[in-house]
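Numbering (the numbering used here), first residue to last: 15 to 216.
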Ligand code: SF4
Ligand code: SF4
């Protein structure tokens, strides 16, 4: 009586002479190996040679400055909350008088760190940021020997004042259109005359 329908008939076919002496199979294998000598090599000799990347590639982060060079980040923590890898930590501080050119808002990040070993480059921090302060760039995280050096602080994250990083290709037309709305205070240019006006004694 048949108990299951999973029974398989195993082949009992006898090997041919050429299969038994193995030689044809060895020659066939050698021909395949030999044919690869004339094919295009798929190996990329990084870092001398670099692979082309997508225009919206998500690489290492940048903390942007505004048009006047002031840091945009206001240490609101939205990026850290959005981060699924818990890679972002920061401490906030209050902007002092005379620091308006350094920090755009009254509060700023005195320390800001991203652990690049934890980061999965999902881009959620960029999406969560209400100040357009953090963006992912097309730059790669450099290889290091020590784990601690993968924790990037402000020295590595904030863009250099004379080496601005173009992030416009990471912004969709809808976002660019949204930023033009006049009610968005944080998009306006840093206007020093307004601050001077506030400082005047009444
Ligand atoms: S890219 Fe994703 S994982 Fe990396 S810091 Fe931003 S939110 Fe976290
Ligand atoms: S980068 Fe953006 S979301 Fe993160 S703390 Fe700064 S302002 Fe807030």
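Glycine included, every Cβ here is placed at the ideal spot set by N, Cα and C.
May I have the straight-line CA-CA distance separating residue i from residue j, to the nearest angstrom?
i, j, result
"residue 67", "residue 152", "8 Å"
"residue 216", "residue 121", "Low confidence applies to residue 216: its pLDDT is 45, below 50, so where it sits in the model is not reliable, and the reading given next is rough at best. Straight-line Cα distance between these residues: approximately 25 Å."
"residue 52", "residue 172", "47 Å"
"residue 40", "residue 55", "24 Å"
"residue 126", "residue 60", "31 Å"
"residue 212", "residue 109", "At residue 212 the pLDDT is 48, less than 50, meaning the model places this residue with poor confidence and gives no usable figure here."
"residue 74", "residue 49", "40 Å"
"residue 165", "residue 20", "56 Å"
"residue 177", "residue 57", "32 Å"
"residue 138", "residue 70", "14 Å"
"residue 38", "residue 32", "7 Å"
"residue 169", "residue 136", "22 Å"
"residue 113", "residue 63", "43 Å"
"residue 161", "residue 94", "21 Å"
"residue 185", "residue 82", "20 Å"
Going by other Cβ atoms of all chains shown within 10 Å of its Cβ, with 16 needed for buried, is residue i buried or exposed?
i, result
"residue 76", "buried"
"residue 167", "exposed"
"residue 65", "exposed"
"residue 16", "exposed"
"residue 45", "exposed"
"residue 42", "exposed"
"residue 194", "exposed"
"residue 22", "exposed"
"residue 29", "exposed"
"residue 27", "exposed"
"residue 78", "buried"
Let me check you understand the geometry: is the CB of residue i closer than 6 Å to at least one non-hydrogen atom of ligand 2?
i, result
"residue 130", "no"
"residue 92", "yes"
"residue 99", "no"
"residue 148", "yes"
"residue 145", "yes"
Answer yes or no: do residue i and residue j have a C-beta to C-beta separation smaller than 7 Å?
i, j, result
"residue 104", "residue 123", "yes"
"residue 148", "residue 156", "no"
"residue 143", "residue 99", "no"
"residue 115", "residue 84", "yes"
"residue 154", "residue 72", "no"
"residue 118", "residue 180", "no"
"residue 86", "residue 145", "yes"
"residue 89", "residue 129", "no"
Using 6 Å as the cut-off, classify the Cβ of residue i as near or not near the heavy atoms of ligand 1, replying yes or no.
i, result
"residue 134", "yes"
"residue 87", "no"
"residue 102", "yes"
"residue 51", "no"
"residue 138", "yes"
Looking at the C-beta of residue i, does it have a partner C-beta in chain C at a distance below 7 Å?
i, result
"residue 61", "Given the protein chain composition of this structure (a single chain), no chain C is represented."
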